[in-house]
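Heads up: the sequence shown begins at 1475 in my numbering, then just goes up one per residue.
The structure appears below as structure tokens.
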Amino acid sequence: MNENKEFLVLIHENVKMGLTSTKKLLSLLLNTNNKIKGTLESELKTYESLYNKTKKEIKKQKITIEKKGLLKTLTSTVAMKTEVNKDNSDSNIASILIRGFNMGNIDIEAKIKSYKKEVDKSILNLAKEVLAFGESEITKLKSFL
């Protein structure tokens, strides 16, 4: 697998996981008064935008993404549902999200360092945008802790 494809697959998986998780979390909080819902709705819009940018880049690079990661997504969704059912406080939800953003950011930051000279600038810029989004959201979410 070439560097462009490997990096784009990672970005795609990261953004798709965030998109899926955020949608699920919003559905779990549908009938609650959680203050964090506004932050989640904003995150969802950004994830949708990043997902569309990622799909455009995949098409531009003529890369095929195999549909995998279903088990990872399912496991993550079940774990999140269990945690939210136990404690749906804003602080617990913020903690869950911060952990998720940290995991994604670590993966993307490592790839940026490894591949910054090998991958197309458009892919590198997309990765940096995803990373900046994650860092920004962590800062916002800390106010709920």
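Ideal Cβ positions, reconstructed from N, Cα and C, are used throughout, including at glycine.
These figures come from a predicted structure and were not determined experimentally.
Quick one: what does DSSP say Val1593 is sitting in, helix, strand or coil? Residue state, collapsed to three classes: coil.
Work out the CA separation of Lys1614 and Ile1510 for me, nearest whole Å. The C-alpha of Lys1614 is placed about 10 Å away from the C-alpha of Ile1510.
Any C-beta of chain D under 7 Å from that of Glu1603: In the structure shown, chain D does not exist; there is a single protein chain.
Collapsed DSSP secondary structure at Thr1506 in the structure displayed: DSSP places Thr1506 in coil when its eight states are reduced to three.
How would you label Ile1485, buried or exposed, when you count the other beta carbons within 10 angstroms and need 16 or more for buried? Classification of Ile1485: buried, given that the 10 Å Cβ count is 16 or more.
Return the CA-CA distance between Lys1546 and Asp1581, expressed in angstroms with no decimal places. When the Cα atoms are used, Lys1546 and Asp1581 turn out to be separated by approximately 15 Å.
So, with DSSP's three-state summary, where would you put Glu1620? Here the chain covers residues 1475 to 1619 and nothing more, so residue 1620 does not appear.
Is Ser1617 helix, strand or coil by DSSP? It is helical.
Assigned secondary structure, Ser1563 (DSSP; H/G/I helix, E/B strand, else coil): Correct three-state label for Ser1563: coil.
Out of curiosity, what's the CA-to-CA distance linking Asn1607 and Lys1530? It should be pointed out that residue 1607 corresponds to Phe in this sequence rather than to Asn. If you take the alpha carbons of Phe1607 and Lys1530, they lie about 19 Å apart.
Between the alpha carbons of Ser1516 and Asn1476, how many angstroms are there, rounded? Rounded to whole angstroms, the gap between the alpha carbons of Ser1516 and Asn1476 is 34 Å.
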